[in-house]
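Engineer:
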Amino acid sequence: MFNKGSELINLCNEKQAKIFEIVIEKEQKTSGLSYDEVIKKMKETLEVMKSSATSALNKEIVSVSGLTGGNSKRVQDYKNNHKTISGEFINSAMAKALSTSEVNASMGKICASPTAGASGIVPSALLAAQEKLNVDDDMLVNALFTAAGIGEIVAKNATVAGAEGGCQAECGVAAAMAAGAITEMAGGTPSQALTAASFALINIMGLVCDPIAGLVEYPCNLRNASGVINALISADLALAEVQSLIPFDEVVEAMYKVGKSLPESLRETAQGGIADTPTGRKLSDEVIK
Ligand code: SF4
4 MFNKGSELIN LCNEKQAKIF EIVIEKEQKT SGLSYDEVIK KMKETLEVMK SSATSALNKE
64 IVSVSGLTGG NSKRVQDYKN NHKTISGEFI NSAMAKALST SEVNASMGKI CASPTAGASG
124 IVPSALLAAQ EKLNVDDDML VNALFTAAGI GEIVAKNATV AGAEGGCQAE CGVAAAMAAG
184 AITEMAGGTP SQALTAASFA LINIMGLVCD PIAGLVEYPC NLRNASGVIN ALISADLALA
244 EVQSLIPFDE VVEAMYKVGK SLPESLRETA QGGIADTPTG RKLSDEVIK
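If you use the numbering used here, the sequence shown closes out at 292, no skipped numbers anywhere.
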């Protein structure tokens, strides 16, 4: 039905439909499931996301390696007890992104969106937007279909693997999915949703994948926190009618080219970036011993 962003927008225009409606229709066709069954499955996904985004807010969940844990609670406590620099809303979104990241690092249940390493961004962005827009869960389910449609286009035309495209392909794509989804949820047009997704990718283009000890923990944890903010501001930029000079499909293509041009040391091999600092190597030795 659609492989590119431009095809998705054409379909939306032809059918006078939102992105989520086109994606639900496509999902029904490809899976053979009824509308109700497709929605039910996405509702289950939403519940997993809600649980992972909130379970580390009030209790420290530490990873098996001990490299990460407790940051979600730290940010949540900080937000509750201090006058913060970036405000309650931003800190609340970051705490939720960190929560899912910590649940993932402790082998808990998360929804890869698009990957486990970047799994905190979509749930926290959606929950933050829900709080702001005062919308019900049905709107979040619709937004997840929008996010899925955007993620699918990137997966088809580029990559969502850090090992292939760097962290821009994981946290960047997650932010793009989230940005598009919340833009549409806030009343933006399908074109504005893809503009928001473009902004999110442009904002972090070239971001390398450099996990300490090769574990999906650090800097992944931090990048989930920054990823949700990228998604939120990208949505606001698009909703404010800031125009993307480069169309979404070309941004995706550029991201893929950049990813392929990254040296292997910066694509999840733990041989470059912060993984290859003296402290990064020392931590790696301690974890792997
Ligand atoms: S740094 Fe690498 S492993 Fe971690 S989230 Fe980014 S792409 Fe995934």
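All C-beta atoms, glycine included, are put in the ideal place defined by N, C-alpha and C.
Can you give me the C-alpha to C-alpha distance between V78 and N94, rounded to a whole angstrom?
Structural biologist: The sequence position of residue 78 within the sequence shown is 75, counting from 1. The sequence position of residue 94 within the sequence shown is 91, counting from 1. Taking the straight line joining both Cα atoms gives about 7 Å.
Engineer: When the Cα of L101 is compared with those of A158, T71 and G90, which residue comes out closest?
Structural biologist: In the sequence shown, the residue the question calls residue 101 occupies position 98. Selected option, being the one with the closest Cα: T71.
Engineer: Tell me the residue span of the alpha helix (DSSP H) that contains L204.
Structural biologist: For the purposes of this step, residue 204 is identified with residue 201 of the sequence shown, where counting begins at 1. P193 to N206 is the extent of the alpha helix (DSSP H) around L204.
Engineer: With the ligand SF4 as the reference, list in chain order each residue whose Cβ lies under 7 Å from any of its heavy atoms.
Structural biologist: T118, G120, A121, G165, G169, C170, A172, E173, C174, C212, D213, P214, V219, P222, C223, R226 and E271
Engineer: Can you tell me where the alpha helix (DSSP H) with I232 in it begins and where it stops?
Structural biologist: As a first step, residue 232 is located in the sequence shown; it is residue number 229 there, counting from the start. Element bounds for I232: C223 to L242.
Engineer: Which same chain residues, not among the five before or five after Q31, have their C-beta less than 8 Å away from its C-beta?
Structural biologist: For the purposes of this step, residue 31 is taken as residue 28 along the sequence shown, with counting starting at 1. So the qualifying residues of the chain are S37, Y38 and V41.
Engineer: Which two residues bound the contiguous alpha helix (DSSP H) that contains F92?
Structural biologist: Position 89 of the sequence shown, counted from the first residue, corresponds to residue 92. Start and end: G90 to A108.
Engineer: Do A241 and A199 have their beta-carbon atoms positioned less than 7 Å apart in this structure?
Structural biologist: Position 196 of the sequence shown, counted from the start, is the residue given in the question as residue 199. Position 238 of the sequence shown, counted from the start, is the residue given in the question as residue 241. Going by C-beta atoms, A199 is nearer than 7 Å to A241.
Engineer: Any contact between the segment 267-287 and the segment 223-241? By contact I mean 3 or more CB pairs, one from each, below 8 Å.
Structural biologist: no
Engineer: Would you mind stating whether F251 and G8 have Cβ atoms separated by less than 7 Å?
Structural biologist: Your numbering for residue 251 matches position 248 in the sequence shown. Your numbering for residue 8 matches position 5 in the sequence shown. Yes, they are a contact pair.
Engineer: So the alpha helix (DSSP H) M4 belongs to, where does it begin and stop?
Structural biologist: Here residue 4 is taken as the residue at index 1 of the sequence shown, counted from 1. Looking at the DSSP string, M4 is not in any alpha helix (DSSP H), and its letter there is neither H nor E.
Engineer: What did DSSP end up calling V65 once you bin it into helix, strand or coil?
Structural biologist: If you number the sequence shown from 1, residue 65 lands on position 62. The answer is strand: DSSP assigns V65 an E or B state.
Engineer: Ignore the nearest five residues each way along the sequence and tell me which others in S66's own chain have a CB closer than 6 Å to its CB.
Structural biologist: For this step, residue 66 is matched to residue 63 along the sequence shown. Within the same chain, S66 has close Cβ partners G72, A108, S109 and E220.
Engineer: What's the gap between the Cα of S54 and the Cα of L265?
Structural biologist: Residue numbering aside, residue 54 sits at position 51 when the sequence shown is read from its first letter. Residue numbering aside, residue 265 sits at position 262 when the sequence shown is read from its first letter. In a straight line, the C-alpha of S54 is about 35 Å away from that of L265.
Engineer: Whole angstroms are fine: how far does the CA of A132 sit from the CA of F5?
Structural biologist: Walking along the sequence shown from the start, residue 5 turns up at place 2. Walking along the sequence shown from the start, residue 132 turns up at place 129. If I take the Cα positions, the gap works out to 27 Å.
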